Amino acid sequence: MSTPTVIEVRNVFKSFKTVQAVRGIDLTIGAGQFVAILGPNGAGKTTLVEMIEGIQQPDEGEIFIMGKTWKGNDNYLRNIIGLSLQETHFIDKLSVWETLRLFASFFKIGAARCEEVLKLVALEEKRKAFVVNLSGGQRQRLALGIALINKPKILLLDEPTTGLDPNARREIWEILRSLKDETKTSLILTTHYMEEAEQLCDYIVIIDQGKILKQGTITDLLGEIQDLPVKPAETRKITLDDLFTSLTGRHLND
Amino acid sequence: MIERISNSQLFQLILANIKELIREPGVLFWGIVFPILMSLGLGVAFTKKKDVITQVAVIGENHLVHQAADSLSLIFTFLLQNKAILEHDREGKLARKLTVPDDKLGNTTFIFKSLDWKEAMVLLKRGNLNIVMDEKGGAVQYHFDPMNPDAQLTYLKLSRLLNVAGTVVKATNTEISPLTVSGTRYIDFLVPGLIAMGVMMSCMWGVSYAIIERRSKKLLRRMVATPMKRSNFFLALITVRILMNFVEAGLLFLAAWLAFGITVQGSVPALLALFISGNFAFAGIAILLSSHTSKTEVGNGLINALSMPMMVLSGVFFSYHNFPEWSIPVIQKFPLTMMADGIRSVMIEGAGFAEIGMSVVILSVSGLVLFIVGMRLFRWH
Ligand SMILES: Nc1ncnc2c1ncn2[C@@H]1O[C@H](COP(=O)(O)OP(=O)(O)OP(=O)(O)O)[C@@H](O)[C@H]1O
Ligand SMILES: [Mg+2]
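See the structure below:
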């Protein structure tokens, strides 16, 4: 691919007291690419993404974003990255609008952009609602809106649709698809829904137990299944779950 | 210009903190209404003289209704001369009521109940009365527990009244001149203590707990994943808290001024300086306290472990000079003691910078040091 590299992860390791969460990951992501990091619970997705976000530091290895490491470039990188964490609660008794204004101010951004974002994530009607009174889907859309407020070059979303019903999930996918059509933003999202990865992303990284099992475009990955010993039942469509099962002997959502 | 201010981080952070604060109804109650109620309640209880009703058991009916002409009852004579009203109480027992007016110590109403010894003992044990009167050999006898100060007081009052028998009792207390000069009443002692305690509690819960809760909700982690300046975060939190504390203390003072006429005898600038330095000290403590933990239960425990002892020891409600001699120099070094004593000396004793300057310096410097240490240890995740 000839697109310029925006994120480069080189041989990164990270351990907690007794757990090796990430065990030697290499990853290169190009501009405008939508990448899904797919893996079961505890695979190390959050740890990996938070190291890219500069929230956690790797024990070993290096991470470059737009060619820069986090050290000494904090302010620059914070301004070009948008993110949502796996679980964040905002301030309960602030309204949607007030929350957007607050986060916008951190980027020295004014009310006009907040209006745009409000429309983008379809929360105009909830403008005055307190965060505490939002539904799960609305809250995820608010988190997404906050991630988009600075028109980020790089967007990192940690499980943006976990716990949502299919409708609410599709609403988020719509927002992200329109983003792909209209901007040059690169996206990394983590998920354990293969459907999400298939629908939304053009590059998929499957990780398990802190290591990359397979990566490639969706056609690459599905093509490989044909060569694998474990074949899915013929009546069923071949999915990434089959690939995962054949690689590990387990199901993705176990 | 307005746009620039309203877009600024610090402004938005301050605004968010204010909104969060005033939208929490508990804050209004515990921060403002409760201290005022407490000062009014305690102030009234300890400042205003109140009328006392004392029940006295008199053994035998004849002392209340004189039937036996042969034996002259001293108690009956006394009651009759003073026109004590004869009535039946709720249980149908005979009683005589005598009110001794006293504009200085408060009126005392004695209810003399005619009971037999057994009944008297039951009521004594229940605490309904504390003295039992009887007459033997032409002398009035008083039965009471000498260790009970209330009983002693009743005895002194009664025996004094009965000794001047023959005249109609009136409070003859011209020798008493009540000290109601402002500054010596309990309310004058209490209000400065409550103001200081309010600042402590407000910082502990409003700063410490707020930080710990935000950390546990991963909001801190989310906020530092933006270009937000960390100093603005603290500045906003502390500024809003100090503003809030000014409002709280101001309203408490206003209420106490309206209800009891408390005043500031000393230097107002010194008082303000002390108030602000106390806020610094407690804000510093609050930041340090909340620098590490992300468990609200731990935060709860830490806050209580720190504030409870100070509340008891630092002389908010009663003077710490009741504690053992050796502990007093220690107690005086607590920030709450320093603040409460300082406010008290400005408000009551008319002190100024000369007297409390040292406290201002110590509180401010320790606040700053604790703040810096807290920032060093501070975990955003
Ligand atoms: N702060 C931490 N302290 C200790 N262990 C941790 C910490 N964070 C993660 N781990 C461990 O590291 C491993 C990877 O965790 P991680 O959160 O990255 O997984 P994940 O793929 O995001 O899982 P999920 O799908 O459940 O979000 C897990 O075993 C987890 O228990
Ligand atoms: Mg995760």
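Residue numbers (our numbering), protein chains in the order written: chain X, 1 to 254; chain P, 255 to 635.
Positions of the beta carbon are idealized from the N, C-alpha and C atoms, including for glycine.
As the structure is a computational prediction, the values presented were derived from the model and not from experiment.
* Could you tell me whether any non-hydrogen atom of ligand 2 is closer than 7 Å to the CB of aspartate 158 of chain X? => Yes, the beta carbon of aspartate 158 of chain X sits closer than 7 Å to at least one heavy atom of ligand 2.
* Under 9 Å from the C-beta of lysine 472 of chain P: neighbouring residues of chain X -> In chain order, Leu85, Gln86, Glu87, Thr88, His89 make up the part of chain X whose C-beta sits under 9 Å from the C-beta of lysine 472 of chain P.
* Can you find a C-beta in chain P that's less than 8 Å from the C-beta of lysine 14 of chain X? -> No Cβ of chain P is located within less than 8 Å of the beta carbon of lysine 14 of chain X.
* To which residues of the same chain is valine 121 of chain X closer than 8 Å at the C-beta, ignoring the five residues directly before and after it? -> Non-local C-beta neighbours of valine 121 of chain X in its own chain, meaning closer than 8 Å and more than five positions away in sequence, comprise Arg141, Leu142, Leu144, Gly145, Leu148, Ile175, ordered along the chain.
* Asked: Could you give the residue range of the beta strand (DSSP E) that holds glycine 24 of chain X?
  -> 20-30 is the extent of the beta strand (DSSP E) around glycine 24 of chain X.
* Strand pairing of glutamate 341 of chain P, partner residues [DSSP] -> Beta-bridge pairing by DSSP links glutamate 341 of chain P to P:Ala349.
* Burial state of leucine 512 of chain P (16 or more Cβ within 10 Å) -> The residue in question, leucine 512 of chain P, is exposed, as its Cβ has fewer than 16 Cβ neighbours within 10 Å.
* Alpha carbon to alpha carbon, how far is lysine 379 of chain P from methionine 565 of chain P? -> In a straight line, the C-alpha of lysine 379 of chain P is about 34 Å away from that of methionine 565 of chain P.
* Does any heavy atom of ligand 1 sit closer than 7 Å to the C-beta of leucine 119 of chain X? -> What sits at residue 119 of chain X in the sequence shown is lysine, not leucine. The nearest non-hydrogen atom of ligand 1 is 7 Å or more from the C-beta of lysine 119 of chain X.
* Asked: When the Cα atoms are used, what is the spatial distance from methionine 1 of chain X to leucine 123 of chain X?
  -> Its pLDDT being 49, under 50, methionine 1 of chain X is placed unreliably by the model, and the measurement read from it follows with that caveat. Spanning the two alpha carbons is a distance of roughly 37 Å.
* To do: Mind checking which residues open and close the alpha helix (DSSP H) that includes glutamine 140 of chain X?
  => For glutamine 140 of chain X, the enclosing alpha helix (DSSP H) begins and ends at 136-148.
* When the cut-off is 8 Å and only beta carbons count, does methionine 1 of chain X lie next to chain P? -> Reliability fails at methionine 1 of chain X, whose pLDDT of 49 lies under 50, so the model's placement of it is uncertain and the value that follows must be treated cautiously. Judged by the 8 Å Cβ criterion, methionine 1 of chain X is not in contact with chain P.
* Asked: Residues of chain P with CB under 7 Å from glutamate 53 of chain X, in chain order?
  -> Chain P residues near glutamate 53 of chain X: Ala479.
* To do: Between the Cα of serine 15 of chain X and those of X:Lys45, X:Glu50, X:Pro58, X:Pro40, spot the shortest distance and give me the residue it belongs to.
  => When only C-alpha atoms are compared, the closest one is X:Pro58.
* Sequence-distant residues of its chain with Cβ nearer than 7 Å to threonine 493 of chain P (five each side left out) -> For threonine 493 of chain P, where only same-chain residues beyond five positions count, the Cβ hits under 7 Å are Ile268.
* Closer than 9 Å, Cβ to Cβ, to anything on chain X: give me those residues from the region 570-590 of chain P, in chain order. => Look at the region 570-590 of chain P: it has no residue with a C-beta under 9 Å from a C-beta of chain X.
* What residues of chain X sit near glutamate 257 of chain P, judged by a beta carbon separation below 7 Å? -> At a C-beta separation below 7 Å, glutamate 257 of chain P has these neighbours in chain X: Gly110.
* To do: Tell me whether histidine 251 of chain X sits in a helix, a strand or coil according to DSSP, three-state version.
  => Note: histidine 251 of chain X maps to coil in three-state DSSP.
* To do: Taking all protein chains shown into account, decide if glycine 249 of chain X is buried (16 or more other Cβ within 10 angstroms of its Cβ) or exposed.
  => When all chains shown are included, glycine 249 of chain X counts as exposed.
* Closest residue to aspartate 220 of chain X among X:Leu156, X:Gly210, X:Tyr203, X:Asp208 (Cα-Cα distance) -> Considering only alpha carbons, the answer is X:Tyr203.
* To do: With a threshold of 7 Å, establish whether the CB of glutamine 86 of chain X neighbours any heavy atom of ligand 1.
  => Checking every heavy atom of ligand 1 against the Cβ of glutamine 86 of chain X, one is found closer than 7 Å.
* First and last residue of the uninterrupted alpha helix (DSSP H) at glutamate 198 of chain X -> Looking at the DSSP string, the run of the alpha helix (DSSP H) that includes glutamate 198 of chain X is 194-200.
* **methionine 51 of chain X, buried or exposed, once every other Cβ within 10 Å from all chains shown has been counted against 16** => Methionine 51 of chain X is buried by the Cβ-count criterion.
* **Residue from P:His320, P:Arg344, P:Gly346, P:Lys347 whose Cα sits closest to the Cα of leucine 334 of chain P** => It is P:His320 whose Cα lies nearest to the Cα of leucine 334 of chain P.
* Asked: Could you give the distance in angstroms between the alpha-carbon of isoleucine 516 of chain P and the alpha-carbon of methionine 401 of chain P?
  -> The straight-line gap from Cα to Cα measures roughly 36 Å.
* Which ranges does the alpha helix (DSSP H) cover as unbroken runs of at least 4 residues, wholly within the region 573-615 of chain P, from first to last along the chain? -> The qualifying runs are 582-585, 589-601.
* **Chain-order list of residues whose beta-carbon lies under 8 Å from that of isoleucine 263 of chain X (same chain, five-residue window excluded)** => Any answer about residue 263 of chain X is impossible in this case: the structure gives chain X only from 1 up to 254.
* What residues from the region 264-276 of chain P come within 8 Å of chain X, judged by C-beta to C-beta, listed N to C? -> Answer in chain order: Phe265, Gln266, Leu267, Leu269, Ala270, Lys273, Glu274.
* To do: Run down chain X in chain order and give the residues with a C-beta less than 8 Å from the C-beta of glutamate 278 of chain P.
  => Simply Lys93.
* Quick one: give me the first and last residue of the alpha helix (DSSP H) that leucine 10 of chain X is part of. => A small correction: the amino acid at residue 10 of chain X is arginine; leucine does not occupy that position in the sequence shown. In the DSSP assignment, arginine 10 of chain X falls outside any alpha helix (DSSP H) and lies within the beta strand (DSSP E) extending over 5-15.
* Scan the region 175-205 of chain X for residues whose Cβ lies nearer than 9 Å to a Cβ of chain P and list them as they occur along the chain. => Flagged: no residues at all.
* **Through-space distance from glycine 460 of chain P to serine 573 of chain P, alpha-carbon basis** => Spanning the two alpha carbons is a distance of roughly 27 Å.
* To do: Name the residue from X:Asn167, X:Glu116, X:Gly61, X:Val6 whose alpha carbon lies nearest to the alpha carbon of asparagine 150 of chain X.
  => Residue nearest to asparagine 150 of chain X within the set X:Asn167, X:Glu116, X:Gly61, X:Val6 is X:Glu116 (criterion: CA-CA distance).
* Asked: If we ignore side chains and look at the alpha-carbon of each, how far apart do leucine 102 of chain X and alanine 270 of chain P end up?
  -> Taking the straight line from one Cα to the other gives about 7 Å.
* Neighbour list for methionine 482 of chain P in chain X, Cβ cutoff strictly below 7 Å -> Going along chain X in sequence order, the residues near methionine 482 of chain P (Cβ under 7 Å) are Phe106.
* To do: Return the CA-CA distance between serine 368 of chain P and arginine 350 of chain P, expressed in angstroms with no decimal places.
  => Going from the Cα of serine 368 of chain P to the Cα of arginine 350 of chain P covers about 8 Å.
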